[in-house]
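What follows is one structure encoded as C-alpha cells, with my remarks underneath.
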Amino acid sequence: MVIFSHDCPTLADGVVLGSRLLCTPESEYSNETKREILNAGLNATARTYAFDDAARTRFWPEGIDGLAIANDVLADFEPGLDLETRLKKYDEVKAKGEHNRMVVWAGAGVGLVNDEKDTATVVKEIHKEMVETLGRASRRFDI
Numbered sequence: 000m001v002i003f004s005h006d007c008p009t010l011a012d013g014v015v016l017g018s019r020l021l022c023t024p025e026s027e028y029s030n031e032t033k034r035e036i037l038n039a040g041l042n043a044t045a046r047t048y049a050f051d052d053a054a055r056t057r058f059w060p061e062g063i064d065g066l067a068i069a070n071d072v073l074a075d076f077e078p079g080l081d082l083e084t085r086l087k088k089y090d091e092v093k094a095k096g097e098h099n100r101m102v103v104w105a106g107a108g109v110g111l112v113n114d115e116k117d118t119a120t121v122v123k124e125i126h127k128e129m130v131e132t133l134g135r136a137s138r139r140f141d142i
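Residues in the sequence shown are numbered from 0 upward in steps of one, following numbering that gives the first Met the number 0.
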C-alpha cells in the first residue's frame, strides 16, 4: 500500500510492506500459513468481519476489520450462516489440521509474494527497487 504525500499527490510519503515480510524466517507465521501465502494469487484477500469472528479477534473499534486470504470462512459468512455455526465449523476444521478455513492475515499485495527470503534480503530488494524507481522518476522532471 502506498501512502501518498499531501504536498504532492503524485509522490509517496511511504509504503506499507507487511505482506512482503510474511514469508521470512523471522516471521512468526507457521509453515502452513506461509504455504497458504505462497499459493495465494492476486486479488486473493477480502476485508470482512468474517475472519475476525472466526479467529475471535473482533475487539477492534467499529469500522476496523481484518484483511485475510479468502477461503471457506468467507464462503460461510456471505450467505448469512449464523456465528455459532460458523465458529463450530472453524473449530472442527482447525482441530483436524485442515486449511480450508485457516485465517491468514495478509494484505492486498500477498499475491506478489512468491518465495521465502530472509528479512535482510527483502529490505535490500525494496531499497534497490526504490532507488531504481526514484532514478526513473527523477528523469521525468527537469530539476
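Glycine included, C-beta positions come from ideal geometry on N, C-alpha and C.
Mind checking leucine 21: buried by the 16 CB within 10 Å criterion, or exposed?
-> Buried is the call here.
Can you name, in chain order, every residue of its own chain whose Cβ lies under 8 Å from the Cβ of glutamate 35, other than the five neighbours on each side?
-> Once the five neighbours on either side are set aside, the close Cβ partners of glutamate 35 are Ile68, His98, Met101 and Val103.
For threonine 84, count neighbouring Cβ atoms within 10 angstroms of its own Cβ and tell me buried if that reaches 16, exposed if not.
-> Its Cβ having fewer than 16 others within 10 Å, threonine 84 is exposed.
Given a cut-off of 7 Å, decide if threonine 23 and threonine 118 are closer than it, judged by their beta-carbon atoms.
-> Closer than 7 Å, so yes.
Report the rounded CA-to-CA distance for phenylalanine 3 versus glycine 13, giving the unit in angstroms.
-> Only weak support is given to the placement of phenylalanine 3: the predicted model assigns it a pLDDT of 46, under 50, and the question is left unresolved by the model.
Return the CA-CA distance between aspartate 71 and tryptophan 59, expressed in angstroms with no decimal places.
-> Separation of aspartate 71 and tryptophan 59 (C-alpha to C-alpha, rounded to the nearest whole angstrom) is 23 Å.
Per DSSP, which one or two residues make a beta bridge with arginine 135?
-> Paired residues: none, contrary to the question.
Do the CB positions of arginine 46 and leucine 66 come within less than 7 Å of each other?
-> Note that the C-beta distance between arginine 46 and leucine 66 is below 7 Å.
Can you tell me whether valine 112 is buried or exposed, with buried defined as 16 or more other CB within 10 angstroms of its CB?
-> Counting Cβ neighbours within 10 Å, valine 112 comes out buried, since at least 16 surround it.
Going by the CB atoms, is the gap between arginine 19 and valine 121 shorter than 7 Å?
-> A contact, by the Cβ cut-off of 7 Å.
When you compare only the Cα positions, how much space is there between alanine 107 and leucine 41?
-> Near 8 Å, if we compare the C-alpha coordinates of leucine 41 and alanine 107.
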